[in-house]
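Each remark here refers to the structure printed beneath this line.
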Amino acid sequence: MATLLLVRHGRTTANSSGVLAGWTPGVHLDERGREQAAALARRIAAVPLAAVVSSPLDRCRETAAEIAAVREGTKLALDAGVQVDDRIGECRYGDWTGQELKKLAKDPLWPVVQNHPSAAVFPGEGGEALRDTQARAVGAIREWNARLEDEHGPDVQYAMCSHGDVIKAVVADALGMHLDLFQRIMVDPCALTVVHYGRTRPFVARLNDTGGGVEALIPPAKPAARGKRGKAGAAGGSVSAGKRGKSSATDDAVVGGGAGAP
1 MATLLLVRHG RTTANSSGVL AGWTPGVHLD ERGREQAAAL ARRIAAVPLA AVVSSPLDRC
61 RETAAEIAAV REGTKLALDA GVQVDDRIGE CRYGDWTGQE LKKLAKDPLW PVVQNHPSAA
121 VFPGEGGEAL RDTQARAVGA IREWNARLED EHGPDVQYAM CSHGDVIKAV VADALGMHLD
181 LFQRIMVDPC ALTVVHYGRT RPFVARLNDT GGGVEALIPP AKPAARGKRG KAGAAGGSVS
241 AGKRGKSSAT DDAVVGGGAG AP
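Structural data, given as structure tokens:
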């Protein structure tokens, strides 16, 4: 099963000033955001990633660049540091873009966004429905899963840097939750969310993680070969068998919760 490390971008001046940035150009990480991105990059440096994918917006590209930079010497998909995919870009908020959240809270659409987001369509030119944001992001992830599993084997792991509402919508899909419940999910700046995409169901392994260890994402060292070349493969790790590799992970949930990482 492909494992996706979903990362929200680090803090920006728009975040700290309570402004809805949306697709506003030139919104960069602030000093705190740069510190968050660097810390996260160091924290997951030992996790073998086949690709680092980013929203096209500056704040995500800067966060993703930190993740790629600490992995120098690690072969990434397509031999590039960061792949950009517009489909995981921020929701297009239309006329709400660039507005203060305290002002937007008085808009008649606000309670719809809060309580019935599947019906929310943002006003103005280019405004998007939240359900369309979810559909494009989930579609992109499914395509990346298939592509990277085909290239690197079924236990491939990769990272995507995106935005709060986008990640919440993706998590809601992975949990089988209706989009109307997605406001119950929290995603902080530079938080790590991990989803294992199995053949029969996804598993949300981490949510809004801002400081936990990542040992469970690092595959165990392979035993030394004795004479013949052994078969590679470990649950949660990379598989060198490529297209014909067989995952050692299972789609079955552990009844009772399981013992966790060793």
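According to full-length UniProt numbering, the stretch in the sequence shown is residues 1 to 262, in order. Glycine residues also receive a C-beta, built at the ideal position from the N, C-alpha and C atoms. Quick caveat: nothing in here was measured; it's all calculated off a predicted structure.
Query, Result
"A174 vs P202 beta-carbon contact at 8 Å", "yes"
"Boundaries of the alpha helix (DSSP H) in which C161 is found, first to last residue", "Where C161 is concerned, there is no enclosing alpha helix (DSSP H), although the beta strand (DSSP E) it sits in stretches over Q157 to S162."
"Euclidean distance between Cα positions of V156 and A216", "14 Å"
"Reference I141, options A14, A39, A45 and S55, closest by Cα", "S55"
"Three-way DSSP call (helix, strand, coil) for H9 in this model", "coil"
"Chain-order list of residues whose beta-carbon lies under 8 Å from that of L78 (same chain, five-residue window excluded)", "Only weak support exists for where L78 lies, its pLDDT of 36 falling under 50; the coordinates are left without a value."
"Same chain, Cβ closer than 7 Å to K166, neighbours up to 5 away in sequence not counted", "Per the sequence shown, residue 166 should be read as Val rather than Lys. The residues are I88, E90, C91, T133 and A137."
"H178 versus P117, R43 and T200, residue with shortest Cα-Cα distance", "P117"
"Beta-carbon proximity list for T3, same chain, < 6 Å, skipping 5 on both sides", "Q157 and H196"
"Among Q83, G98 and G81, the one whose alpha carbon lies nearest that of T18", "The residue you asked about is not Thr; residue 18 is Gly in the sequence shown. The shortest C-alpha separation from G18 is found at G98."
"With 16 other Cβ atoms within 10 Å as the buried cut-off, status of E31", "exposed"
"Distance between P111 and E62 (C-alpha atoms, nearest Å)", "33 Å"
"L78 in three-state terms, based on DSSP", "Residue placement at L78 is flagged as unreliable, the pLDDT there being 36, under the threshold of 50; the coordinate-derived value follows with that caveat. DSSP places L78 in helix when its eight states are reduced to three."
"As assigned by DSSP and simplified to three states, the class of V47", "coil"
"Beta-carbon separation (whole angstroms), L207 vs V7, contact threshold 8 Å", "The Cβ separation is near 13 Å, so there is no contact."
"As assigned by DSSP and simplified to three states, the class of H152", "helix"
"Residue from G176, D180, Q183 and V214 with nearest C-alpha to V194", "V214"
"Secondary structure of A137, DSSP reduced to three states", "helix"
"Beta-carbon spacing of L57, W96 below 8 Å", "no"
"V194, enclosing beta strand (DSSP E) - first and last residue", "L192 to Y197"
"Alpha-carbon spacing of G126 relative to A65, whole angstroms", "28 Å"
"Nearest residue (CA-CA) to L5, options M160, N15 and G33", "M160"
"Supposed close pair A120, L109 - CB separation, criterion 8 Å", "6 Å"
"Identity of the residue in G10, F182, P223 and R11 nearest R131 by Cα", "F182"
"Same chain only: Cβ atoms within 7 Å of E149, ignoring 5 sequence neighbours per side", "A2 and V156"
"Extent of the continuous alpha helix (DSSP H) to which R92 belongs", "From DSSP, R92 is part of no alpha helix (DSSP H); its letter is neither H nor E."
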